[in-house]
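Asks:
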Amino acid sequence: MGKGKEAKGEARQDPEWANGLRQLYDSVVEEELPDSFKDLLAQLDSKD
């Protein structure tokens, strides 16, 4: 196995900052699109 790979069966430990980054990403993904962005997408769709 190459460098940085863990042996089979070893538990992987995330760095301390990984949990906070994961929570931030999840909160952004769950945010609703602003109305102005929805309107822009609708305008672009109607130009077909």
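Count along the sequence shown starting at 1, add 904, and that's the number in the numbering used here.
Even glycine gets a Cβ: it sits at the ideal position worked out from N, Cα and C.
Being a predicted model, the structure only gives us computed values, none of them experimental.
When you compare only the Cα positions, how much space is there between W921 and L928?
Replies: By one-based count along the sequence shown, residue 921 stands at place 17. By one-based count along the sequence shown, residue 928 stands at place 24. Roughly 11 Å between the two C-alpha positions.
Asks: To the nearest angstrom, how far is it from the Cα of M905 to the Cα of V933?
Replies: Indexing the sequence shown from 1 puts residue 905 at position 1. Indexing the sequence shown from 1 puts residue 933 at position 29. In this prediction, M905 has a pLDDT of 49, which is less than 50 and means its spatial position is unreliable; what the coordinates show is noted afterwards. Roughly 35 Å between the two C-alpha positions.
Asks: Would you say L948 and L937 are within 9 Å of each other, going by their C-beta atoms?
Replies: Here the question's residue 948 lines up with position 44 in the sequence shown. Here the question's residue 937 lines up with position 33 in the sequence shown. Cβ atoms of L948 and L937: not closer than 9 Å.
Asks: The alpha helix (DSSP H) with K951 in it runs from where to where?
Replies: Residue numbering aside, residue 951 sits at position 47 when the sequence shown is read from its first letter. Looking at the DSSP string, K951 is not in any alpha helix (DSSP H), and its letter there is neither H nor E.
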